[in-house]
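2 protein chains.
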Amino acid sequence: MFSNSSKYALKAVLYLAVNASESNKIMAKNISEPINVPQAYISKLLQDLSRHDIVSSVRGPNGGFYLNEQNLKTPLITIVNVIDGENRLNSCLLSIQNCNNDKPCPLHHFAASYRTHLLENLENNTINDMVKGIKAKTSFLPL
Amino acid sequence: MFSNSSKYALKAVLYLAVNASESNKIMAKNISEPINVPQAYISKLLQDLSRHDIVSSVRGPNGGFYLNEQNLKTPLITIVNVIDGENRLNSCLLSIQNCNNDKPCPLHHFAASYRTHLLENLENNTINDMVKGIKAKTSFLPL
DNA sequence: CCCAAAAAATGACATTTGTCATATTTCGGA
DNA sequence: TCCGAAATATGACAAATGTCATTTTTTGGG
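Chains as they are written, first to last, in the UniProt record's numbering: chain A, 1 to 143; chain B, 1 to 143.
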């Protein structure tokens, strides 16, 4: 579904969204442990995300990562697209070129409705929407 | 979602199910072209499937691959499990250990219903069910 | 009983993905 | 203005996946 990298990126971003702020930046090495991802690896991912304006970062002493107001409005799909590349979620279950509703492959209907449903959710929900759920305790963010 | 290997295996099995029979076996090299998969690669996959009694094979002259009555009754999930290993489809979108309906991760509800839905379909539908759809022209099997 | 056809087995190689280690740059504070 | 803290950059390495080539075994037919 998603690559490991995307999963890690999502976890890191969510962790930052909940725990960091401009006045309380978090260093890569302090994100690593709670989300259970090697430090150097999460650094590399955060650099990618930073370059794409999905997270904010400040170098030097008292530096670290956090999300500003704008960052929080990022739709979840953007994170996946940056890390995994576009339309990783777009292809048919069997990767058949011209599989569509008119000329479906045998497994098409097993996945089609859901896939669009999932995509809609990833497009319409922002990081901030997820944070609300976590703060309202309707969803959880363990390691 | 599935690995390439699983996709290829599914395509090969469906191709055999539609086009081969005990009296009309098909050689690996003749499956390769219509489903657009390298010959040696599809051979390896078919050997795997043959060892697990998902396809039938006969060596020597006039040999080849086909599906017998029993093979046709195989649920689709079995093919995926043999090639990709068990429960590749079981984990949560973020691969969080104890993510479930009671303690869902933030993305849980985006995927949960679909995943169970897809799994049910793969478990309850056999190769033969797919062949029926293809013959009834409600689904299609291009390359 | 040998020969050729075909599956089966084995292993080499390439690519992608994931992981780690080591520089390099930037910045604030003493 | 220099030092150390931290992000950033780069590249090496490992593992999984995908691809290809070669050899071995089995089998039917002449």
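Yeah, the Cβ is synthetic: ideal placement off N, Cα and C, and Gly gets one too.
Open item on the list: What does the alpha-carbon distance come out to for the pair B:L93 and B:T116?
Closed with: 13 Å
- [ ] Report all residues from its chain with a CB closer than 8 Å to the CB of B:S50; omit the five preceding and five following residues, and keep chain order.
- [x] S56, S57 and F65
TODO: State the Cα-Cα distance for the pair B:S6 and B:I83, rounded to the nearest angstrom.
DONE: 6 Å
- [ ] Sort out for me which residues DSSP pairs B:T126 with in a bridge.
- [x] B:P75
Task: 7 Å CB neighbourhood of A:L107 in its chain, flanking five on each side removed - done: L93 and L94
Task: Other residues of its chain near A:N125: CB distance less than 6 Å, five sequence neighbours each side excluded - done: L76
- [ ] Report yes if the CB atom of B:V13 is closer than 8 Å to the CB atom of B:I134, and no otherwise.
- [x] no
TODO: State the Cα-Cα distance for the pair B:F140 and A:S139, rounded to the nearest angstrom.
DONE: 40 Å
Open item on the list: Output needed in chain order: residues of the stretch 18-48 of chain B with a Cβ under 9 Å from some Cβ in chain A.
Closed with: none
TODO: Pull up the distance between the alpha-carbon of B:N24 and that of A:Y15, whole angstroms please.
DONE: 59 Å
Open item on the list: For A:I134, would you say it is in contact with chain B, using Cβ-to-Cβ distances shorter than 8 Å as the test?
Closed with: yes
Open item on the list: For A:I35 and A:K29, I'd like the C-alpha separation in whole angstroms.
Closed with: 11 Å
Open item on the list: Considering Cα atoms alone, identify which of A:M1, A:D48 and A:K137 is closest to A:A9.
Closed with: A:D48
Open item on the list: Out of A:I31, A:M27, A:S43 and A:T78, which one is the CA nearest neighbour of A:G60?
Closed with: A:M27
TODO: Quick one: give me the first and last residue of the beta strand (DSSP E) that B:V58 is part of.
DONE: S56 to V58
Task: Of the residues B:E22, B:A136 and B:F2, the one placed nearest B:Q70, counting alpha carbons only - done: B:E22
Open item on the list: Could you check whether the Cβ of A:K96 sits closer than 8 Å to any Cβ belonging to chain B?
Closed with: Looking at the sequence shown, residue 96 of chain A is not Lys but Ile. So, interface residue.
Open item on the list: Give me the DSSP bridge partner(s) of B:F65.
Closed with: B:I26 and B:S57
Task: For B:T74 and B:L67, the rounded distance between their alpha carbons - done: 10 Å
Task: Where B:A136 falls, given that 16 or more other Cβ within 10 Å makes a residue buried - done: exposed
Task: Euclidean distance between Cα positions of A:Y114 and B:A20 - done: 33 Å
Open item on the list: If I follow the unbroken alpha helix (DSSP H) through A:L14, where does it start and stop?
Closed with: N4 to N19
- [ ] Mind listing the chain A neighbours of B:L93? Cutoff is C-beta to C-beta under 9 Å, in chain order.
- [x] M1, F2, K7, L10 and L118
- [ ] May I have the straight-line CA-CA distance separating A:F110 from A:Q97, to the nearest angstrom?
- [x] 17 Å
Task: DSSP state of B:T116 mapped onto helix, strand, coil - done: helix
Task: Members of the stretch 68-93 of chain A that neighbour chain B once the beta carbon cut-off is set at 8 Å - done: L76 and L93
TODO: Starting from the C-beta of A:F2, find all residues in its chain whose C-beta is less than 7 Å away, skip the five residues before and the five after it, and write them out in chain order.
DONE: V80 and D84
Open item on the list: Rounding to the nearest angstrom, what Cα-Cα distance links B:T78 and B:I42 in this structure?
Closed with: 17 Å
TODO: Show which residues of chain A have a CB atom less than 8 Å away from the CB atom of B:H108.
DONE: S139
- [ ] Can you pull the chain B residues whose beta carbon is under 7 Å from the beta carbon of A:A111, in chain order?
- [x] L118
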